[in-house]
Each structure stands twice: as C-alpha cells, then as structure tokens.
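Under the UniProt record's numbering, the first residue of the sequence shown carries the number 1, and numbering increases by one thereafter. These notes are about the structure you will find just below.
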Amino acid sequence: MSARDVSDTAVETIQREMTAFARRARASAGRMHPELSLVSYTLLGHLEESGGCRATDLAEHYALDKSTVSRQVAALERDGLIGREPDPHDHRVQVLRLTDAGRRLLARVTERRREVVRQRLADWPEEDLERFAGYLVRYNARRPAL
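Written as structure tokens, this is what we have:
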C-alpha cells in the first residue's frame with residue numbers, strides 16, 4: 001500500500017466519522033435541550049466567548065449565509081436571549097450581546113452537554129482526552145480553503 005493510499009484511507013475514515021459526529025450532535029441537541037437549536041446554541045456560545053459581535057461576524061466565523069444568521073438572530077432576540085447595542089467604535093453598526101436570560105439558558109444547556117460528553121468519555125485515559133482535545137483544537141483552528 002502506498003503512502004497516498006494510507007492517507008486517502010485515513011482521510012476517508014476521518015470524514016466519515018466527522019459526519020457521524022455532526023449528525024449525532026444535531027440529533028442529540030434536540031433531545032438534550034429542545035428549547036435551543038444547535039445553531040442557536042453555537043451562536044450564543046460565540047457571543048459569550050467574544051463578549052459580543054456583529055451578525056456579519058457570526059456569519060463569517062461559522063461560514064453561514066447572512067440570511068441564516070439573520071433568522072437565527074431574530075429568533076434569539078425575540079426570545080429575549082440576545083440584545084443589540086450600538087458599536088462604541090462605529091454607531092452605524094449594531095453589536096449583539098447575550099442578555100441575562102441568554103446567559104442563564106446557555107449555562108444550563110452547556111452543563112447538560114458537558115455531562116453527556118463526560119459520560120461518553122468516562123473510560124478514556126486522561127492522556128487520550130488531552131490528545132483528542134488538542135487534535136480538535138488544531139483541526140478547528142485551520143480556516144478552510146475556499
């Protein structure tokens with residue numbers, strides 16, 4: 001078997017397993033926290049982590065269509081989970097920020113999600129967990145080529 005064949009086999013396995021992971025994450029998100037879609041959860045998490053940002057920043061960061069983000073933002077705003085504030089550097093721009101209700105819901109959902117992951121990984125050695133975490137960070141740090 002050539003080096004290229006091994007690489008192709010590994011890449012195919014990685015792609016297949018990442019697809020299964022994404023499908024499982026979407027399916028379990030609805031069961032774990034029906035009040036918050038996976039996309040909404042992800043956007044709220046980013047807003048918390050970043051301290052707030054523009055809707056266009058969310059779209060760019062997650063490679064989502066602006067109309068998709070706009071619909072999600074409108075729903076989160078309608079539910080009282082986020083609010084808008086003028087950007088202190090450019091008053092023409094609105095910055096999205098979590099509300100107190102958004103922070104509370106995000107914290108509850110995050111803890112439920114962490115518990116599910118903890119249970120799935122409960123029998124993994126600490127060394128494997130650290131390596132897996134590092135690989136995921138490394139993979140997600142790379143911007144996809146467009």
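Where a beta carbon is used, it is the ideal one built from N, C-alpha and C, also for glycine.
So, is Ile-14 buried or exposed, given that buried needs 16 or more other C-beta atoms within 10 angstroms? Position 14 of the sequence shown holds residue 14. Burial call: exposed.
Is Arg-84 near Gln-94, with beta carbons less than 8 Å apart? The residue you call residue 84 lines up with position 84 of the sequence shown. The residue you call residue 94 lines up with position 94 of the sequence shown. Result yes, Cβ atoms of Arg-84 and Gln-94 sit closer than 8 Å.
How long is the line joining the alpha carbons of Arg-31 and Leu-81, rounded to whole angstroms? Here the question's residue 31 lines up with position 31 in the sequence shown. Here the question's residue 81 lines up with position 81 in the sequence shown. Looking at the two C-alpha atoms, the distance is approximately 20 Å.
In three-state terms, what does DSSP make of His-89? Here residue 89 is taken as the residue at index 89 of the sequence shown, counted from 1. Under the three-state reduction of DSSP, His-89 is assigned to coil, being neither helix nor strand.
How close, in whole Å, do the beta carbons of Arg-97 and Leu-47 come, if the pair is a contact with beta carbons under 8 Å? In the sequence shown, residue 97 corresponds to position 97, counting from 1. In the sequence shown, residue 47 corresponds to position 47, counting from 1. Yes, they are in contact, since the Cβ atoms of Arg-97 and Leu-47 sit about 6 Å apart, within 8 Å.
Please work out which residues of its chain come closer than 6 Å, Cβ to Cβ, to Tyr-62, disregarding the five sequence neighbours upstream and downstream, and give them in chain order. The residue given as residue 62 occupies position 62 in the sequence shown. Answer for Tyr-62: no residue qualifies.
In this structure, what does DSSP give as the bridge partners for Ile-82? On the sequence shown, residue 82 is found 82 positions in, with the first residue counted as 1. DSSP output for Ile-82 lists Leu-98 as bridge partner(s).
Quick one: Cα of Ala-27 to Cα of Gly-102, how far? Walking along the sequence shown from the start, residue 27 turns up at place 27. Walking along the sequence shown from the start, residue 102 turns up at place 102. Between Ala-27 and Gly-102, the C-alpha separation is close to 22 Å.
Using the Cβ count rule (16 or more neighbours within 10 Å means buried), how would you classify Val-11? Within the sequence shown, residue 11 is the residue found at index 11, counting from 1. Result: exposed.
From what residue to what residue does the alpha helix (DSSP H) around Arg-142 run? Residue 142 sits at position 142 when you count from the first residue of the sequence shown. Per DSSP, Arg-142 lies in no alpha helix (DSSP H) segment and is marked neither H nor E.
So Asp-57 is in the alpha helix (DSSP H); what residue range does that whole segment cover? Here residue 57 is taken as the residue at index 57 of the sequence shown, counted from 1. Where Asp-57 is concerned, the enclosing alpha helix (DSSP H) stretches over 55–62.
Check the C-beta distance from Ala-55 over to Ser-40 and give it rounded, since I have them as a contact under 8 Å. Walking along the sequence shown from the start, residue 55 turns up at place 55. Walking along the sequence shown from the start, residue 40 turns up at place 40. About 13 Å separates the Cβ atoms of Ala-55 and Ser-40, ruling out a contact at the 8 Å cut-off.
DSSP three-state assignment for Ala-122, whether helix, strand or coil: In the sequence shown, residue 122 corresponds to position 122, counting from 1. Ala-122 carries a coil assignment under DSSP once its states are collapsed to helix, strand and coil.
Would you grab the beta carbon distance between Leu-38 and Ala-29 for me? Rounded to a whole angstrom, and I think it's under 8 Å. Here residue 38 is taken as the residue at index 38 of the sequence shown, counted from 1. Here residue 29 is taken as the residue at index 29 of the sequence shown, counted from 1. Contact holds; Cβ gap of about 4 Å.
Tell me which residues share the same chain as Asp-79 and place their Cβ nearer than 6 Å to its Cβ, disregarding the 5 neighbours each side in the sequence. Here residue 79 refers to the residue found at position 79 of the sequence shown. Taken in chain order, the list of residues that qualify is empty.
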